[in-house]
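Below you'll find the structure, written out as structure tokens, and then a few comments.
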Amino acid sequence: MTVPLVSYLALEPEPHLVAQECAGCGARYFDRRNACAACPGTDFRPAALETEGTVRTFSIVHMAAPGVKVPFVAAVVDCGGTRVRANLINLPADPEHVHVGMGVRLAVYSLGADDQGTEAIGFGFEPVKQED
Amino acid sequence: MSADSIWVLGIHMTKFGKHKDKDLTDLASEACLGALKDAGLTMAQMQVMACGNLMQAATGLGQQVQKQIGQYGIPVFNVANACATGATALRTVMMAIKAGEADFGLAVGVEKLSGAGLLAGGTRKETSGEWRPNGRFGAVAPLDGLVGTETMPGVFAQVGLEYEHEYGGTSAELFARISEKNHAHSTLNPLAAYQKRFTLAEITGDMMIAYPNTRPMCSANTDGAAAAVLVSGAKLATLDPDQQRRAVKISASVLTTDPYEEGCQVLPNVNTLTRNAAAVAYEQAGVSPDDLNLVELHDCFATAELVHYDNLMLCPPGGAVDFFESGAPWRDGRLPVNVSGGLQSKGHPIGATGVANVYEVATHLRGEAGPRQIEGARVGLTHVIGLGSACAIHILEKSA
Numbered sequence: 229m230t231v232p233l234v235s236y237l238a239l240e241p242e243p244h245l246v247a248q249e250c251a252g253c254g255a256r257y258f259d260r261r262n263a264c265a266a267c268p269g270t271d272f273r274p275a276a277l278e279t280e281g282t283v284r285t286f287s288i289v290h291m292a293a294p295g296v297k298v299p300f301v302a303a304v305v306d307c308g309g310t311r312v313r314a315n316l317i318n319l320p321a322d323p324e325h326v327h328v329g330m331g332v333r334l335a336v337y338s339l340g341a342d343d344q345g346t347e348a349i350g351f352g353f354e355p356v357k358q359e360d
Numbered sequence: 355m356s357a358d359s360i361w362v363l364g365i366h367m368t369k370f371g372k373h374k375d376k377d378l379t380d381l382a383s384e385a386c387l388g389a390l391k392d393a394g395l396t397m398a399q400m401q402v403m404a405c406g407n408l409m410q411a412a413t414g415l416g417q418q419v420q421k422q423i424g425q426y427g428i429p430v431f432n433v434a435n436a437c438a439t440g441a442t443a444l445r446t447v448m449m450a451i452k453a454g455e456a457d458f459g460l461a462v463g464v465e466k467l468s469g470a471g472l473l474a475g476g477t478r479k480e481t482s483g484e485w486r487p488n489g490r491f492g493a494v495a496p497l498d499g500l501v502g503t504e505t506m507p508g509v510f511a512q513v514g515l516e517y518e519h520e521y522g523g524t525s526a527e528l529f530a531r532i533s534e535k536n537h538a539h540s541t542l543n544p545l546a547a548y549q550k551r552f553t554l555a556e557i558t559g560d561m562m563i564a565y566p567n568t569r570p571m572c573s574a575n576t577d578g579a580a581a582a583v584l585v586s587g588a589k590l591a592t593l594d595p596d597q598q599r600r601a602v603k604i605s606a607s608v609l610t611t612d613p614y615e616e617g618c619q620v621l622p623n624v625n626t627l628t629r630n631a632a633a634v635a636y637e638q639a640g641v642s643p644d645d646l647n648l649v650e651l652h653d654c655f656a657t658a659e660l661v662h663y664d665n666l667m668l669c670p671p672g673g674a675v676d677f678f679e680s681g682a683p684w685r686d687g688r689l690p691v692n693v694s695g696g697l698q699s700k701g702h703p704i705g706a707t708g709v710a711n712v713y714e715v716a717t718h719l720r721g722e723a724g725p726r727q728i729e730g731a732r733v734g735l736t737h738v739i740g741l742g743s744a745c746a747i748h749i750l751e752k753s754a
């Protein structure tokens, strides 16, 4: 059995992210909603995001709380006009290998199994163009 | 002076730095007593008080300070508003005076942060024995480090590189040079926590915290307090000429939050709420960015200072890199920015910051800044931003 790291990561049929879209104004969110922050709407519908996008901004984090593996690349990825917070993965965490505007695509990986044998699946974005 | 105007009558800040033997009450009391003395008044004349502190916000600190410096039964507003906490205390007192409930009021901000380290993203625990969805994202594990970063250096690094994405022209070295400027400025400020000039190589070669921010490019966690006594224009007109001469007019006081925009809940948008606050502040004060003689803006990280040149309209949209490259924000430039040394060297005791930047500007407008005086300063602007978000801008003017 597998569970996604977050409820907005759908694993089937292919891994993709699902935003909650306000039925009134189209604003998109990833968290549990009480109402819309952009209009008076309270109705939401699921909206599947494109799995490819571009890096809008990033930082290479070298200092973090104990237990967080560093360095890692934190980023905001623009997926067809919807911005997503994610790590950039499957690339070296140095400024020579990451830049704003680079093309990336969703990738998932195992976070390991818990005591009951359930496997958690994490996600990140990897470069579309792999280096040789 | 118009009757409904509001003025800084007295203002004081403690030295920022390590104050091992002083608690919050000691530091706040020192700032309050200093501001009252500077105003030529006593606590007995205060009619309202606001006390800003973030990390111990639930402790009724304003009352604790009153128990040391004067209990006269006046209302206290204990406020917390992220890094805009001190400015919010100031604005709270202003609103009480504006509402006609008081002629004199005292605003104080204080924090003890020495040795605090990272202030966010510290929530990660060892994974428990079961992957169980939790919280608003249905997360089965703490997300910091797995889904981006919650650390402030990392968030503000992304704010800076987002500017690169929008306009281009930045580099890791450019951000480091902004920090070089502020550390150079700090050498003239005896109240700054650090007064050390760094070479560019020392800054870029220091410990990387969150690219492109190295350690000297991050605000310094320090202890400190700052306080201001405010007075209505009507009351000021009855005070003696020397008090009137040294009074500094608060021409604008604005507090904003971030309006909804695509992506603002993914990475905090520190730009729009600052632009909104700046637009209202310039209109309230009847001044334009060209009229400013100095600016103290929220350089919590070197990457943040760059975007605020633009947000505060010190340059045309997209022109922040050119503004910096022109030398304008150096203390001998066209529009000096952070001549105090800024948060990177003066220090950033969160609750105090939004009063301390008013202290800096007011001191220049009074012509009392000593070796770091910006000659002929008549109009200045202060800016703070707290993530969440809250932005406060004050425009100050020398009395006629």
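Quick mapping for you: the protein sequence lines, in order, are chains A and B. Sequential numbering of the first sequence, starting at 229, is according to our numbering. Sequential numbering of the second sequence, starting at 355, is according to our numbering. All C-beta atoms in this analysis are idealised placements derived from N, C-alpha and C, irrespective of residue type, glycine included.
Bridge partner(s) assigned by DSSP for residue i
{"i": "residue 273 of chain A", "result": "A/249"}
{"i": "residue 577 of chain B", "result": "B/371"}
{"i": "residue 301 of chain A", "result": "A/288, A/316"}
{"i": "residue 238 of chain A", "result": "A/244"}
{"i": "residue 366 of chain B", "result": "B/581"}
{"i": "residue 437 of chain B", "result": "B/435"}
{"i": "residue 565 of chain B", "result": "A/288"}
{"i": "residue 603 of chain B", "result": "B/361, B/751"}
{"i": "residue 488 of chain B", "result": "B/493"}
CA-to-CA distance, residue j to residue i, given in whole angstroms
{"i": "residue 389 of chain B", "j": "residue 395 of chain B", "result": "9 Å"}
{"i": "residue 421 of chain B", "j": "residue 603 of chain B", "result": "30 Å"}
{"i": "residue 515 of chain B", "j": "residue 525 of chain B", "result": "9 Å"}
{"i": "residue 241 of chain A", "j": "residue 276 of chain A", "result": "12 Å"}
{"i": "residue 593 of chain B", "j": "residue 391 of chain B", "result": "15 Å"}
{"i": "residue 246 of chain A", "j": "residue 349 of chain A", "result": "15 Å"}
{"i": "residue 532 of chain B", "j": "residue 753 of chain B", "result": "32 Å"}
{"i": "residue 478 of chain B", "j": "residue 408 of chain B", "result": "Its pLDDT being 48, under 50, residue 478 of chain B is placed unreliably by the model, and the measurement read from it follows with that caveat. If I take the Cα positions, the gap works out to 22 Å."}
{"i": "residue 511 of chain B", "j": "residue 353 of chain A", "result": "19 Å"}
{"i": "residue 280 of chain A", "j": "residue 273 of chain A", "result": "21 Å"}
{"i": "residue 766 of chain B", "j": "residue 692 of chain B", "result": "What the structure shows of chain B is the stretch from 355 to 754, and residue 766 of chain B is not part of that stretch, so it cannot be assessed."}
{"i": "residue 278 of chain A", "j": "residue 611 of chain B", "result": "31 Å"}
{"i": "residue 667 of chain B", "j": "residue 643 of chain B", "result": "7 Å"}
{"i": "residue 675 of chain B", "j": "residue 465 of chain B", "result": "33 Å"}
{"i": "residue 238 of chain A", "j": "residue 232 of chain A", "result": "7 Å"}
{"i": "residue 638 of chain B", "j": "residue 342 of chain A", "result": "59 Å"}
{"i": "residue 244 of chain A", "j": "residue 493 of chain B", "result": "16 Å"}
{"i": "residue 333 of chain A", "j": "residue 673 of chain B", "result": "32 Å"}
{"i": "residue 558 of chain B", "j": "residue 530 of chain B", "result": "6 Å"}
{"i": "residue 400 of chain B", "j": "residue 694 of chain B", "result": "29 Å"}
{"i": "residue 340 of chain A", "j": "residue 347 of chain A", "result": "5 Å"}
{"i": "residue 454 of chain B", "j": "residue 589 of chain B", "result": "11 Å"}
{"i": "residue 419 of chain B", "j": "residue 671 of chain B", "result": "44 Å"}
{"i": "residue 345 of chain A", "j": "residue 495 of chain B", "result": "16 Å"}
Beta-carbon spacing of residue i, residue j below 8 Å
{"i": "residue 381 of chain B", "j": "residue 579 of chain B", "result": "yes"}
{"i": "residue 468 of chain B", "j": "residue 577 of chain B", "result": "yes"}
{"i": "residue 573 of chain B", "j": "residue 702 of chain B", "result": "yes"}
{"i": "residue 283 of chain A", "j": "residue 305 of chain A", "result": "yes"}
{"i": "residue 257 of chain A", "j": "residue 491 of chain B", "result": "no"}
{"i": "residue 437 of chain B", "j": "residue 740 of chain B", "result": "yes"}
{"i": "residue 435 of chain B", "j": "residue 442 of chain B", "result": "yes"}
{"i": "residue 718 of chain B", "j": "residue 662 of chain B", "result": "no"}
{"i": "residue 742 of chain B", "j": "residue 439 of chain B", "result": "no"}
{"i": "residue 584 of chain B", "j": "residue 363 of chain B", "result": "yes"}
{"i": "residue 645 of chain B", "j": "residue 733 of chain B", "result": "yes"}
{"i": "residue 448 of chain B", "j": "residue 605 of chain B", "result": "no"}
DSSP three-state assignment for residue i, whether helix, strand or coil
{"i": "residue 352 of chain A", "result": "strand"}
{"i": "residue 356 of chain B", "result": "coil"}
{"i": "residue 306 of chain A", "result": "strand"}
{"i": "residue 257 of chain A", "result": "strand"}
{"i": "residue 423 of chain B", "result": "helix"}
{"i": "residue 513 of chain B", "result": "helix"}
{"i": "residue 550 of chain B", "result": "coil"}
{"i": "residue 614 of chain B", "result": "coil"}
{"i": "residue 230 of chain A", "result": "strand"}
{"i": "residue 282 of chain A", "result": "strand"}
{"i": "residue 722 of chain B", "result": "coil"}
{"i": "residue 751 of chain B", "result": "strand"}
{"i": "residue 593 of chain B", "result": "coil"}
{"i": "residue 556 of chain B", "result": "helix"}
Residues that residue i contacts on chain C, provided the C-beta gap is smaller than 7 Å
{"i": "residue 248 of chain A", "result": "Considering every chain present, this structure includes no chain C. Its protein chains are A and B."}
Exercise. Counting pairs of Cβ atoms below 8 Å between the region 619–634 of chain B and the region 743–750 of chain B, do you hit three or more?
Worked result: Touching, yes.
Exercise. Hey, is the region 555–575 of chain B in contact with the region 654–672 of chain B, meaning 3+ C-beta pairs nearer than 8 Å?
Worked result: Yes: at least three Cβ pairs fall under 8 Å.
Exercise. Are there three or more Cβ pairs, one per stretch, closer than 8 Å when the region 696–715 of chain B is compared with the region 534–554 of chain B?
Worked result: With a cut-off of 8 Å, the region 534–554 of chain B and the region 696–715 of chain B count as touching, because enough Cβ pairs lie within range.
Exercise. Using 8 Å as the threshold, is the region 497–511 of chain B in touch with the region 312–320 of chain A, meaning 3 or more CB pairs across them?
Worked result: Using a C-beta cut-off of 8 Å, the region 497–511 of chain B makes contact with the region 312–320 of chain A, since at least three inter-stretch Cβ pairs fall below that distance.
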